[in-house]
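First the structure, in the form of structure tokens, and then the observations on it.
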Amino acid sequence: MSDQAARTAKTVRWTAIACASVVVGMTGLAFASVPLYDLFCKATGYDGTPRKGLALTTSGDTAATKPVTVKFDTNVAPNLSWRFQPEAPSVEAVPGETKTVFFKVKNVGPKPSTGIATFNVQPGLMGSYFVKIQCFCFDEHTLQPGETMDFPLVFYVDPKLRQDADIADIGEMTLSYTYFVSRNGSPQAAVAGGG
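Its first residue numbered -17, the sequence shown is counted upward by one per residue in the numbering used here.
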């Protein structure tokens, strides 16, 4: 019976080690999944993530290309006392043509606060064709009470957009920004009951 008990104890021990390994592995994957998914989205433009790039040099035939209306949607998390708006609600962007749009941010709260903007492009399939040359997103900005700042967005719509059969005929896209309170360089969504 002691042989049987030893085998059972060994089996239980290996089962416990295997279960603990699975738990540790799954926890590691859970923590790694967000940065890995973000990296994947930035590399592929998946889920409306625009690409970052350099200014495009064009051959001069951009006037013959059908323009895309780029609409701007600006939002501020409820726990950040800021006003945030684009200089214009939309712009007409000829694919291949560099555009600059300014966004005005004002701290309307009684104390200094730090925010960080995130963004998305919709429809998602168009995200990989929206190329940011300069953007204020993912940079921390601290504003004093009543302080106003203007931030530029420099971008172009990749002319290859018109070669993609899935979206070639779409005439508009929306670039949506949301400012969140920044803690340690990361956006913090408002949490019910505090934040």
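Think of the CB as a built atom: it goes at the ideal place given N, C-alpha and C, for glycine as much as any other residue.
{"Query": "Inter-stretch contact at 8 angstroms, needing at least 3 Cβ pairs: the region 116 to 126 / the region 139 to 157", "Result": "no"}
{"Query": "Host beta strand (DSSP E) of K86 (start-end)", "Result": "81 to 89"}
{"Query": "Nearest to Q67 (by Cα), restricted to the options V6, K53, A75", "Result": "K53"}
{"Query": "Rounded Cβ spacing between K88 and T124 (contact assumed at less than 8 angstroms)", "Result": "Actually they do not touch by this definition, with Cβ atoms about 13 angstroms apart."}
{"Query": "Of the listed residues N61, I152, A(-2), A(-9), nearest to G97 (C-alpha basis)", "Result": "N61"}
{"Query": "Where A(-9) falls, given that 16 or more other Cβ within 10 Å makes a residue buried", "Result": "exposed"}
{"Query": "Beta carbon proximity, K114 to chain B, threshold 8 angstroms", "Result": "Absent from the structure: chain B. Only one protein chain is present."}
{"Query": "For A99, the first and last residue of its enclosing beta strand (DSSP E)", "Result": "95 to 104"}
{"Query": "Option nearest E122 by Cα separation, candidates T100, L107, Y111", "Result": "T100"}
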